[in-house]
Each structure stands twice: as C-alpha cells, then as structure tokens.
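First to last, the protein sequences are chains S and W.
If you count the first sequence from 1, position 262 lands on 262 in the working numbering, and the numbers rise without skipping.
If you count the second sequence from 1, position 207 lands on 490 in the working numbering, and the numbers rise without skipping.
One structure below.
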Amino acid sequence: MKPPPRRRWGLRLAVLFLVLLGAAALAAPWLPLADPGEMDFGQRLVAPQWTQAPVLGTDSKGRDLLARTLWGARISLLVGLLGSAVALAVGLPYGAWAGLKGGRVDRLLMRLADLLEGLPLVVVVLFLLSILQEYRGELEAVGIGRIQVFFVAVGCLFWLPTARVARAEALKLRAAAFVEAARTSGAGNPRLLRRHFLPNLVPAALVMLTLTVPRVVLMEAFLSFLGLGVDPPAVSWGLLASEGLAALNPLVDSAWLLGVPATALALTLLSLNVIGDHLRDAA
Amino acid sequence: MNALLRRLAALLLTLLAVHALAFLLVRAARGGPFDGDRTFAPAVEAALRAEYHLDEPLWRQYQRALGGALIGDFGPSMSYRDTEVGTILRQALPVSLGLGLGGLTTALLLGLPLGLLAARRRGRFADRGVLAASTLALSLPNFVLAGAAIALFTFRLGWLPPAGSGGWRHLLMPCICLGLPFAAQLARLTRTAALEVMDSDAVRVARAKGVAEARLMRCHVLPQALVPVMAFLGPAAAGLLTGSLVIEQVFALPGLGAHFVQAALNRDYTLALGITVSYTALLGLMTFATDLLLRRLDPRIQSLS
C-alpha cells in the first residue's frame with residue numbers, strides 16, 4: 001500500500017536530517033570547529049550566540065558545545081550502527097537456523113529465547129559488564145577495549161526481536177519451491193542457510209536494522225548517562241546530556257547544556273523512527 | 284492449571300539459574316573492595332575473609348548463598364559498612380514498587396483513552412495529533428523529559444520539589460516521566476487494536492441496532508481491544524524497570540534502580556546480585572500476572588505458550 005503523498009514530507013525531512021548529520025559527523029575532524037576537549041575558563045557557560053562563535057554556547061569548563069555535540073554524534077551513531085550490526089549478526093542466523101531446522105531444534109531455540117525475554121536483560125547485562133571491568137587489563141592486552149565490549153553488550157540486548165522476525169521469515173522460506181529444489185539437488189542445511197536463507201532475509205533485516213538503530217542509540221545515551229557506558233574524555237550525547245542535567249540549577253541558567261544534546265538526540269531518534277515506520281509499512 | 288504450574292516452575296528455575304550464574308561470576312571476579320590500594324595485615328585479611336565466608340570451599344559458599352537468598356538474605360553489602368543487602372532491598376523495594384505502579388498507572392490513564400480517541404476519530408485531527416505526540420514521546424529519552432520537567436515545574440514555576448523522597452508530590456514528576464513513553468506505546472497499540480475491532484461484524488451489528496457511539500466504544504470495542512493491549516504489559520514492565528534505573532537516579536529516589544547503578548559503579552557485587560535476582564523475580568511475577576489477566580479477559584487463551 002502506498003502511503004498517502006501528504007505524509008511523505010516527513011520522510012524526506014527525516015532522511016535529509018540524517019544525511020546532513022551523518023556527513024557533519026563524518027567530516028567533524030576537518031570542519032573548522034573548536035577542539036571538543038579544549039577548556040577555556042575565560043569562556044565558561046556562554047549562552048548560545050547562534051550567529052557567531054560559540055554558536056551553541058560553551059559548558060562549565062568553557063568547551064565549545066557545537067564541537068562536542070558533533071564529536072558526540074560520531075560516538076553515538078557509531079554505537080548505534082555497530083550495536084545494531086551485532087544484534088543482526090547474532091539474531092539473524094539464530095532465527096534463520098531455528099526456522100530452517102524446524103521441529104525440535106526450533107522449539108528448543110525459541111524456548112531459550114522465551115526464557116531470555118523473561119529476564120531483566122538490561123540489568124543482567126549491566127551486571128556482566130561491571131564484572132567484566134575486573135578483567136579490563138587482560139581484555140586490553142588482546143586488543144578489546146571498553147568500547148568494543150560495549151558494542152557487543154548493547155547488541156546482545158536487542159538480538160531477540162531480530163531472531164523472531166528472522167525465524168518467521170525462514171519458516172515461510174522453508175516451504176518455498178526453490179528451497180525444496182535446492183534440497184532435492186543435495187544442498188545441506190549450512191549451504192541452504194548461506195546461499196538461500198540469509199540472502200532472502202536481507203529486506204527483513206534492513207527493516208529490523210532501521211528499527212533497532214534508534215533503540216541502540218537510546219540505550220547508549222541511557223547507559224552513558226548512568227556512567228556505565230562511554231567513558232570521558234570521549235564524548236557522546238548521553239554523556240553531554242548527563243553533564244547538562246548535572247549543571248541544571250535554579251541560580252545559573254544553563255538550560256542549553258541539556259537542551260542542545262537532547263535536541264540532537266531527539267531529532268535523530270525521531271528521524272530514525274519515522275523512516276523505520278515507513279519502511280515497515282511499505283514492507 | 285497445569286500450564287500455570289509449569290509456568291511457575293519455569294520462573295523458579297530461571298531464578299535459580301540467574302542466582303547461580305551471578306554467584307559464580309561474583310566469586311570468579313577477583314576484584315572487590317578488598318583489592319583496593321589499601322593492604323591489610325595477613326591476620327586482618329584472614330579475619331575479613333572468614334567473616335565473608337570466603338575461606339570455605341565454593342560448593343559450601345553456594346549452599347550458604349542459596350539458603351540465604353531463599354529467605355531474602357544476600358549477605359553483607361560490600362560497600363555499605365555494617366549493612367545487610369537484605370535490609371537495603373527491604374527499604375528500596377517499596378520505593379521502586381511505588382514508582383513502577385505510578386508509571387504504569389500514568390501509562391494506562393493516558394494511553395488507553397488517547398488510543399480510543401484516535402481510533403474513533405480515524406484520520407482526523409485528533410488522530411494525527413495523538414500519533415504525532417506518541418512518535419515524539421517515543422523519541423525523547425526519559426532523562427531528557429525528567430530534566431525538562433525539573434527545569435519547568437521546579438525552577439521556573441516552583442510547583443513541585445526537584446528530587447528526594449517524601450509525600451506524593453515527590454513521586455508525581457518521576458511517575459509521569461517514567462510512564463510517558465509507555466503511554467505513547469499503549470496509545471498506538473490501543474488505536475490499532477480498536478480499529479481492528481471496530482471493523483468487526485459484532486460492532487457493525489451493534490451499530491446497526493442503534494447502540495450509541497460512546498456506549499459502543501465502552502461496552503463493545505474496549506473489552507475486545509484490551510486483549511492485545513494487556514499482552515503488552517509484560518514487556519512494558521521490563522521497560523519500566525529499565526527506565527526506573529535512570530528516573531531514580533535523576534530524582535534521587537532511594538529505590539532498587541539507584542542502588543543497582545551505585546552498586547555497579549562501586550563494585551558492590553553482593554548488592555548487585557541481590558538486586559538482579561529481585562528484579563528477575565519481580566519481572567517474572569509481573570509476566571505471570573499478565574498471563575492470568577489475559578486468561579480472564581479472553582477465555583479462548585487456554586494453553587499458555
């Protein structure tokens with residue numbers, strides 16, 4: 001069903017915003033921006049000037065908020081994309097395998113998924129992360145930094161819905177004539193999975209990806225806000241928002257410290273959600 | 284009945300597994316408050332290890348931990364001196380339950396009527412408004428909502444206290460900030476479900492018989508639309524639980540979530556373990572209650588998957 005043309009402008013705006021933001025985030029090192037970490041105590045808590053530097057104001061240590069927001073976009077978007085990729089990489093084969101095998105394997109795998117769904121997954125993963133902290137040294141020795149652990153952890157939070165969608169699609173594929181043909185001509189399950197199931201799951205996977213990215217971005221903000229995610233001196237929107245919230249007090253007006261990262265985050269999530277809704281309706 | 288019993292057994296097994304796994308991880312992690320920069324005299328360390336029963340074999344430690352966990356005793360906290368984890372849990376649980384129930388109430392009170400309104404005015408201004416507002420509410424992280432609410436209602440208008448615990452006024456803002464994203468999701472779900480029911484033959488017949496529109500929505504559409512909406516309560520409980528981690532932190536409410544975050548930051552593993560197990564139990568019971576409710580609402584649901 002084609003969506004009514006009236007609503008298309010929302011989609012266009014969303015795509016435009018994301019493309020601009022992505023380009024700005026990618027190009028951040030080459031843009032004429034202030035250093036996001038450079039403190040200037042003569043320029044503390046300057047309100048946004050809009051037309052001249054500092055365009056979006058400065059924080060309590062005199063750091064330029066525009067630069068920090070754009071550099072934060074790099075981390076937040078990277079976590080969103082990679083975390084979702086991890087979720088897909090785990091969920092897609094899991095669900096596809098369950099759908100492909102059917103029967104007992106399917107029941108067992110889905111039973112496990114049900115059990116995991118019954119857990120407060122965020123709390124469990126945070127618990128694991130805090131214990132993993134003790135092994136930081138060993139992990140860094142084999143080249144796994146905190147941020148990589150974080151990608152995997154966030155991905156683990158969101159692979160279940162992907163697995164369910166993949167399974168539903170795979171169950172449909174199982175009955176398809178070309179799968180039947182491939183099976184009769186002697187293709188084993190691994191080959192079927194690789195050559196026939198995974199390629200045919202690409203459209204569903206793309207829809208799942210657009211639906212997962214905003215949730216992962218939100219989760220990154222959420223964890224960084226609690227101090228359990230990205231570590232300073234790296235900046236992310238969650239960290240910026242938590243700094244902004246901490247600076248909130250009735251004596252000094254510093255609302256932009258929360259407002260700027262919050263607006264960036266909200267606009268990004270809104271755009272991603274709008275695109276995701278359209279894709280899902282179109283699929 | 285059989286299915287319900289099986290469901291309870293599965294819940295119990297899950298709890299046992301989570302507890303055992305968490306216990307093993309905590310014991311395997313060599314860190315903890317004794318590994319700080321301060322070194323103890325060997326005798327002092329031995330005494331401390333004996334007090335925390337760290338000198339016993341692993342199996343014996345697990346037995347002790349499990350026996351304690353069954354009666355809500357998770358041993359002493361590793362970072363709060365002279366405080367049992369059980370005591371903290373008992374103090375924090377009512378705060379979190381109050382907050383969670385408040386959030387759930389907000390979600391139901393806002394989400395259900397708005398969803399019904401949107402369905403009744405399909406495609407019109409009210410419908411578009413509800414959809415747009417729910418998209419917006421779903422895109423705002425709850426700490427941003429909380430910050431904006433504090434800036435507005437406390438600092439600008441001075442109506443509500445910014446943080447801390449006290450009377451209902453202290454819980455009002457946290458509950459609304461916690462519940463709003465779920466109100467948005469509920470509104471969307473209710474709208475979809477109600478639209479489906481409104482297209483059904485039963486409703487067409489009722490309308491043909493001349494049932495008034497308001498009564499039609501209340502007595503015919505709502506009860507049927509409630510089934511998919513209530514099925515969402517289980518996942519919503521998980522979401523509320525996650526949200527409360529942040530909301531309790533922002534509003535300085537001494538609930539489970541705030542304690543959990545502090546425990547994760549302070550390496551207070553016994554406390555973190557106690558809260559993880561409590562959360563698992565809470566969520567499991569909530570899902571179980573949802574299932575019971577669904578069976579009441581829809582007699583066709585007999586076998587619980």
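Backbone N, C-alpha and C fix where the C-beta goes; we use that ideal spot for every residue, glycine too.
- Here Glu169 of chain S has Leu201, Ala204 as same chain residues with Cβ atoms under 6 Å from its own Cβ, once five neighbours each way along the sequence are excluded.
- For Asp484 of chain W, the secondary structure class from DSSP, reduced to helix, strand or coil, is helix.
- Thr58 of chain S is bridged by DSSP to S:Asp64.
- The Cβ atoms of Leu257 of chain S and Ala166 of chain S do not sit closer than 7 Å to each other.
- The residue from W:Pro396, W:Leu291, W:Ala326 with its alpha-carbon nearest to that of Val512 of chain W is W:Pro396.
- The distance from the Cβ of Leu399 of chain W to that of Ala477 of chain W is about 6 Å, consistent with a contact at the 8 Å cut-off.
- In terms of beta-carbon proximity, Pro511 of chain W stays away from the interface with chain S, with every pair separated by 7 Å or more.
- Closest in C-alpha terms to Ala401 of chain W, from the list W:Gln545, W:Gly383, W:Glu479, comes W:Glu479.
- Annotated three-state conformation of Pro190 of chain S is helix, per DSSP.
- Taking 7 Å as the threshold, the shortest C-beta distance from Ser224 of chain S to chain W does not fall below it.
- Val235 of chain S: not part of any alpha helix (DSSP H); DSSP gives it neither H nor E.
- Where Phe408 of chain W is concerned, the enclosing alpha helix (DSSP H) starts and stops at 408-422.
- At a cut-off of 7 Å between beta-carbon atoms, Ile275 of chain S makes no contact with chain W.
- Per DSSP, the beta bridge partners of Glu367 of chain W are W:Pro359.
- The beta carbon of Ala113 of chain S does not come within 7 Å of any beta carbon belonging to chain W, so the residue lies off that interface.
- Distances from the alpha-carbon of Gly517 of chain W to those of S:Leu56, S:Glu117, S:Ala181, S:Leu78 put S:Glu117 closest.
- Nearest to Gly381 of chain W by alpha-carbon distance, out of W:Leu539, W:Leu577, W:Leu575, is W:Leu539.
- For Leu528 of chain W, the uninterrupted alpha helix (DSSP H) segment begins and ends at 516-533.
- Ile354 of chain W is classed as exposed because its beta carbon has fewer than 16 other beta carbons within 10 Å across all chains shown.
- The Cβ atoms of Val213 of chain S and Arg68 of chain S do not sit closer than 7 Å to each other.
- For Glu134 of chain S, no alpha helix (DSSP H) encloses it, and the DSSP letter there is neither H nor E.
- A residue is called buried when at least 16 other Cβ atoms come within 10 angstroms of its Cβ; Phe178 of chain S does not meet this threshold and is exposed.
- Here Leu509 of chain W has Leu580 as same chain residues with Cβ atoms under 7 Å from its own Cβ, once five neighbours each way along the sequence are excluded.
- Secondary structure note for Lys172 of chain S: its alpha helix (DSSP H) is the uninterrupted segment 159-174.
- Of the residues W:Pro582, W:Leu554, W:Ala390, W:Gly350, the one whose Cα lies closest to the Cα of Ile131 of chain S is W:Leu554.
- Setting aside the 5 residues that flank it on each side, Leu421 of chain W is surrounded in the same chain by Pro464, Ala467, Gln468, each with a C-beta closer than 8 Å to its C-beta; the list follows chain order.
- Separation of Leu372 of chain W and Tyr562 of chain W (C-alpha to C-alpha, rounded to the nearest whole angstrom) is 11 Å.
- Sequence-distant partners of Phe151 of chain S (beyond 5 residues in either direction) whose C-beta falls short of 7 Å from its own C-beta, in its chain, are Val79, Leu82, Gly83, Val86.
- S:Val124 is the residue among S:Gly10, S:Leu171, S:Gly143, S:Val124 whose C-alpha sits nearest the C-alpha of Ala153 of chain S.
- Under a 10 Å Cβ-count criterion, Phe543 of chain W is classified as buried, with 16 or more other Cβ atoms of the shown protein chains found around its own Cβ.
- The straight-line gap separating the alpha-carbon atoms of Ile75 of chain S and Leu31 of chain S is approximately 17 Å.
- DSSP places Ala541 of chain W inside the alpha helix (DSSP H), whose first and last residues are 539-549.
- The C-beta of Val260 of chain S comes no closer than 7 Å to any C-beta of chain W.
- Val260 of chain S places its beta carbon 7 Å or farther from that of Leu70 of chain S.
- Taking the Cα positions, Arg452 of chain W is about 19 Å away from Phe426 of chain W.
- In terms of Cα proximity to Val19 of chain S, the closest of S:Asp35, S:Val230, S:Leu267 is S:Leu267.
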